[in-house]
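Colleague: Can you keep this structure in mind? I'll have questions shortly.
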Amino acid sequence: MSSSDPSSELLDLKLLPAWVKETATARDYSNFEGEEAEPRGRRGDFNRDRPRRTERPRGREQRGGDRDKRRPDRRRPEQGHGRAAPREREEPAQAPLPPITLRFVPHPPPLENVIAQIKSGTAAYSVYALARLFLEKPERYDVRLTTAPETPLFQIGEHGPVASDRRLLENIAFASTRDEIYQSEVVQTEPIKGNFTNVARDRASGTLLGPTNHHSYQTQLRNLYEQRYSRRMSFPDFQRQIEIVSDPAVVEQWKEQARSVTTYATKDEPPVTFQNLAEVERDFRQNHLPNLIRSTHELTVAGVPSRRLPDRALGRLIENAWSHETRSPSNMMQELAGALRQAGLNIFRHRRGMLFVSPIRMRSFKHELTSVSPSVGGILEAIGATPGIHRKELAEKLISTGGKAEEMERAKRTLATDLRWLISEGYVIEFNDGSLDLPRTKQPEAKPAEAATEAVAESPAEVSETPPAEMPVAEAEIAAEQPVAPAEEATAPEAPQD
Numbered sequence: 002m003s004s005s006d007p008s009s010e011l012l013d014l015k016l017l018p019a020w021v022k023e024t025a026t027a028r029d030y031s032n033f034e035g036e037e038a039e040p041r042g043r044r045g046d047f048n049r050d051r052p053r054r055t056e057r058p059r060g061r062e063q064r065g066g067d068r069d070k071r072r073p074d075r076r077r078p079e080q081g082h083g084r085a086a087p088r089e090r091e092e093p094a095q096a097p098l099p100p101i102t103l104r105f106v107p108h109p110p111p112l113e114n115v116i117a118q119i120k121s122g123t124a125a126y127s128v129y130a131l132a133r134l135f136l137e138k139p140e141r142y143d144v145r146l147t148t149a150p151e152t153p154l155f156q157i158g159e160h161g162p163v164a165s166d167r168r169l170l171e172n173i174a175f176a177s178t179r180d181e182i183y184q185s186e187v188v189q190t191e192p193i194k195g196n197f198t199n200v201a202r203d204r205a206s207g208t209l210l211g212p213t214n215h216h217s218y219q220t221q222l223r224n225l226y227e228q229r230y231s232r233r234m235s236f237p238d239f240q241r242q243i244e245i246v247s248d249p250a251v252v253e254q255w256k257e258q259a260r261s262v263t264t265y266a267t268k269d270e271p272p273v274t275f276q277n278l279a280e281v282e283r284d285f286r287q288n289h290l291p292n293l294i295r296s297t298h299e300l301t302v303a304g305v306p307s308r309r310l311p312d313r314a315l316g317r318l319i320e321n322a323w324s325h326e327t328r329s330p331s332n333m334m335q336e337l338a339g340a341l342r343q344a345g346l347n348i349f350r351h352r353r354g355m356l357f358v359s360p361i362r363m364r365s366f367k368h369e370l371t372s373v374s375p376s377v378g379g380i381l382e383a384i385g386a387t388p389g390i391h392r393k394e395l396a397e398k399l400i401s402t403g404g405k406a407e408e409m410e411r412a413k414r415t416l417a418t419d420l421r422w423l424i425s426e427g428y429v430i431e432f433n434d435g436s437l438d439l440p441r442t443k444q445p446e447a448k449p450a451e452a453a454t455e456a457v458a459e460s461p462a463e464v465s466e467t468p469p470a471e472m473p474v475a476e477a478e479i480a481a482e483q484p485v486a487p488a489e490e491a492t493a494p495e496a497p498q499d
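This is the structure:
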């Protein structure tokens, strides 16, 4: 897989931080008396005695006064005295979305990377923090969409854009799949013949369209409008921004550009050649489009394409669901817990029932402390008395500083060996931030009479034959997860360092 592929991103779980409009008013010039025009050549006197801008010469007032009385003001009141505002293009009404169930799942390549990192060590990670880590970037998750069979979703091919309305995909199918079906080639033709004195040019983009009397002008004009401006303005408004340029250098530039002709051909054998893009699109709609769009009631979209879907309503639905899932990633936690278990990792509950994953199966130390070495007993007592203690603090607490250097070095090696054994056997939990703690102990089994009395007091949903430490991850339990408390935040894997 190429290193530039977003899905190949490696998640490092070790080197990352912890958790006026005014109305048009008619101007009355009936009481205005004009002034005689000054002779030309006396610029200074003319500027000094020049009438105000609101005033008009008498002749113009007489010619326009009666005309203004005869003809009504056709300007819209809300537009004022400026240029008429362009007419807004109304987007076609879109059918409401069908009921859609969304579920965020981890993207396979980053998930495999995380599983490999967890298996390579002995640290335990918070499933809540892992879920937040996967939801942090779209390259790390997929979106699974499910609808009823009678209201399907539509997709271009197997991995193309998705929409709830087939017409949306039909409008963009040619542009998104043209390079997969057709190939283009630019060839140089004979120089343009004819005496042309001007060319038309688009003011906004600077595109040269050619002389207005050339046979390709209308085609170039229409193609430019459809490609760049059809969604922003009407065709008459677009025509008003076309200018005529008489510069000989610009005319020669257009002639040189017009020599380059693009031809198109199918990639199938034998290839079919087309002279322009309109013929290519016509062939695409007749021979490829009917079989290109598929309908389904369940599909999975990668995280990156899910953020730029042509169906805006569906895109907003996914965005809102992602925001909610980021605040409470219960569904992602459930997906992660199932995938991590399937990979052979162990899911356990710790610290107020929070979920953690580790390559080691956790268990309580059932041996008597009197039957083990003083070093092992001291480690268990120190960790039990100070949950969350780190290795350095544990060494400072158990190793005396008053002895000889050789004895202290021997005690450090013994402490490291015993601690490694306790962690590898699951008697001590080492979280990814280096903190240490003991596994949760199982509650002692109640006597039959006491158990019957407690069962009457408890509701059926609260009764479970499985001890809390061994209880499997269920959807209802994961949904009840709360955000990681500050004490647990240190055990969360950190944000990826891209």
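Using the working numbering, the first residue of the sequence shown is number 2, and each one after it goes up by one. For every residue, glycine included, the Cβ atom is placed at its ideal position computed from N, Cα and C.
Let me confirm a value: Phe-175 is counted as buried when at least 16 other C-beta atoms fall within 10 Å, else exposed. Which label applies?
Modeller: buried
Colleague: Got a sec: is the Cβ-Cβ distance from Leu-423 to anything in chain B below 8 angstroms?
Modeller: Within the model displayed, chain B is absent; a lone protein chain is all it includes.
Colleague: Would you list, in sequence order, the uninterrupted beta strand (DSSP E) runs of no fewer than 3 residues that lie entirely inside the stretch 167-254?
Modeller: 183-189, 200-203, 209-211, 243-246
Colleague: Below 8 angstroms between beta carbons: does that hold for Gly-389 and Ser-359?
Modeller: no
Colleague: Compute the Euclidean distance between the alpha carbons of His-391 and Leu-346, then round it to the nearest angstrom.
Modeller: Taking the Cα positions, His-391 is about 24 angstroms away from Leu-346.
Colleague: Classify Gly-161: buried if its beta carbon has 16 or more other beta carbons within 10 angstroms, exposed otherwise.
Modeller: buried
Colleague: Considering only residues of the same chain and omitting the five flanking positions on each side of Arg-167, which have a CB-CB separation below 8 angstroms?
Modeller: Closer than 8 angstroms at the Cβ level, and outside the excluded window around Arg-167, lie Phe-155, Ile-294, Ser-296.
Colleague: Rounded to the nearest angstrom, what separates Ala-338 and Glu-227 at their Cα positions?
Modeller: Whole-angstrom Cα-Cα distance: 50 angstroms.
Colleague: Does the stretch 136-144 come close enough to the stretch 278-285 that 3 or more CB-CB pairs lie under 8 angstroms?
Modeller: no
Colleague: Give the DSSP-derived three-state secondary structure of Ala-164 in the structure shown.
Modeller: Ala-164: strand per DSSP, three-state reduction.
Colleague: Could you pull out every residue in the same chain whose Cβ sits closer than 7 angstroms to the Cβ of Ile-119, ignoring the five residues on either side in sequence?
Modeller: Tyr-126, Leu-346, Val-358, Pro-360
Colleague: Under the DSSP definition of a beta bridge, which residues are partnered with Ser-321?
Modeller: For the record, residue 321 in the displayed sequence is Asn; it is not Ser. For Asn-321, which the question treats as bridged, DSSP gives no partner whatsoever.
Colleague: In chain order, what residues of the same chain lie with their CB nearer than 6 angstroms to the CB of Leu-502, ignoring the 5 residues before and after it?
Modeller: The requested residue 502 is not part of the displayed model; the chain covers only 2 to 499.
Colleague: Whose CA, out of Thr-301, His-298, Leu-210, Leu-315, lies closest to the CA of Ile-243?
Modeller: Leu-210
Colleague: Which residue's Cα is closest to the Cα of Gln-189: Arg-233, Ser-261, Gln-254, Ser-121?
Modeller: Ser-261
Colleague: Any idea which residues DSSP pairs Met-333 with across the strands?
Modeller: Met-333 is not bridged to any residue.
Colleague: Taking the alpha-carbon of Pro-109 as reference, which of Glu-397, Val-302, Ser-185, Glu-326 has the nearest alpha-carbon?
Modeller: Out of Glu-397, Val-302, Ser-185, Glu-326, the CA that lies nearest to the CA of Pro-109 is found in Val-302.
Colleague: How many Å lie between Leu-14 and Asp-419 at the Cα?
Modeller: 26 angstroms
Colleague: How far does the alpha helix (DSSP H) with Met-409 in it reach, from first residue to last?
Modeller: Its alpha helix (DSSP H) spans residues 406-426.
Colleague: For Ser-247, collect the residues of the same chain with a Cβ closer than 7 angstroms to its Cβ; drop the 5 residues on either side in sequence, then sort them by chain order.
Modeller: Thr-198, Asn-199
Colleague: Grab the span of the beta strand (DSSP E) containing Gln-156 for me, first residue to last.
Modeller: 154-157
Colleague: Check whether the Cβ atoms of Pro-146 and Ile-101 sit closer than 8 angstroms, and answer yes or no.
Modeller: The question names Pro, yet the displayed sequence has Leu at residue 146. Yes.
Colleague: Give me, in chain order, the residues of the same chain whose beta-carbon lies closer than 7 angstroms to that of Thr-123; leave out the 5 immediate sequence neighbours on both sides.
Modeller: Pro-360, Ile-361, Ile-424, Ser-425, Glu-431
Colleague: Only counting the same chain, and skipping five residues up and downstream in sequence, which positions put a Cβ closer than 8 angstroms to that of Ser-217?
Modeller: Gly-211, Ala-259
Colleague: Relative to the C-alpha of Leu-134, which residue among Glu-326, Ile-400, Ala-386 is closest?
Modeller: Glu-326
Colleague: If you draw a straight line from the C-alpha of Ala-344 to the C-alpha of Met-334, how long is it?
Modeller: 15 angstroms
Colleague: In whole angstroms, what is the alpha-carbon distance linking Thr-148 and Met-234?
Modeller: 36 angstroms
Colleague: According to DSSP, is Val-305 helix, strand or coil?
Modeller: helix
Colleague: Cβ atoms of Glu-336 and Val-543: under 8 angstroms apart, would you say?
Modeller: Nothing about residue 543 can be reported from this structure: the residues present for the chain run from 2 to 499 only.
Colleague: Taking only three categories from DSSP, how would you classify Glu-137?
Modeller: coil
Colleague: Once the 5 residues before and after Leu-12 are set aside, which same chain residues still bring their CB inside 6 angstroms of it?
Modeller: Pro-111, Asn-114, Val-115, Pro-497
Colleague: Which of the three DSSP states is assigned to Arg-584 in this structure?
Modeller: Because the chain spans 2 through 499 in this model, residue 584 falls outside it and cannot be assessed.
Colleague: May I have the straight-line CA-CA distance separating Ala-396 from Ile-384, to the nearest angstrom?
Modeller: 11 angstroms
Colleague: Output needed for Gly-158: all residues of its chain with C-beta closer than 6 angstroms, excluding positions within five of it in sequence on either side, in chain order.
Modeller: none
Colleague: What would DSSP say about Asp-284, mapped onto helix, strand or coil?
Modeller: helix
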